[in-house]
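Encoded as structure tokens, the structure appears first; notes follow it.
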Amino acid sequence: MAKEYKLSPQRLKELQDELVYLKTVREREVADLIKEARSFGDLSENSEYDEAKNEQGKLYASIARLEDILANYVLIEEDDADGDYIRLGSIVTVLDKEFDEEVTYKIVGSQEADPMNGTISEDSPFGRAVLGKNAGDDIIVDAPAGPVEYKILYYR
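Numbering (this note's numbering), first residue to last: 940 to 1095.
Below, the structure written as structure tokens:
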């Protein structure tokens, strides 16, 4: 069974736009590079041709990856009325008990995760620990450096 990719409506639109760009504009650019490189003569010793073909391979790999995601996605609906617990799309503020500091993260699908910008994948140890929890709950995240304790302060 194919892996399901959980996407917000915004991320879905970004991926669709990227796929259109790759299949139209970028594919023509790479085809032009190959055409130009062929005009340089002997292909067996033509580094420009090799480079253009490598670029074509990367392009087709990117297109295949995007097509796989878009064929197997599940749309995340960020509906505030959908229960009293943390779920995909929730913005969670927790207290790191060891350092006594508050941290806020948005729980997203794996394709949207960017921990440096405050979005955490639901597949990450932190994401798995907070899903289904409520404000006031204590959680322990099994981090690579060892267990980390948090208290969930609030979420929306």
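For each residue, glycine too, the CB sits at the ideal point set by N, CA and C. In this text the structure is predicted, and so the values were computed from the model without any measurement.
With three or more C-beta pairs closer than 8 Å as the rule, is the segment 997–1013 touching the segment 952–961? Short answer: they touch.
CA nearest to the CA of Glu1016, picked from Leu946, Ile1091 and Leu1092: Nearest neighbour of Glu1016 by Cα position, chosen from Leu946, Ile1091 and Leu1092, turns out to be Leu946.
Integer-rounded CB distance, given that Gln995 should sit under 8 Å from Ile973: Yes, Ile973 and Gln995 are in contact; Cβ-Cβ is about 7 Å, under 8 Å.
Mapping the DSSP letters down to three states, classify Gly1085 as helix, strand or coil. Three-state DSSP puts Gly1085 in a strand.
Cutoff 8 Å; reference Lys1045; Cβ partners in own chain excluding five residues on either side: Taken in chain order, the residues that qualify are Gly1028, Ser1029, Ile1030, Val1031, Gly1057, Thr1058 and Ile1059.
Please work out which residues of its chain come closer than 6 Å, Cβ to Cβ, to Glu990, disregarding the five sequence neighbours upstream and downstream, and give them in chain order. Excluding five sequence positions before and after Glu990, none of the CB atoms of its chain fall closer than 6 Å to its own CB.
Buried or exposed (CB count within 10 angstroms, at least 16 for buried), Ile1079: That one is exposed.
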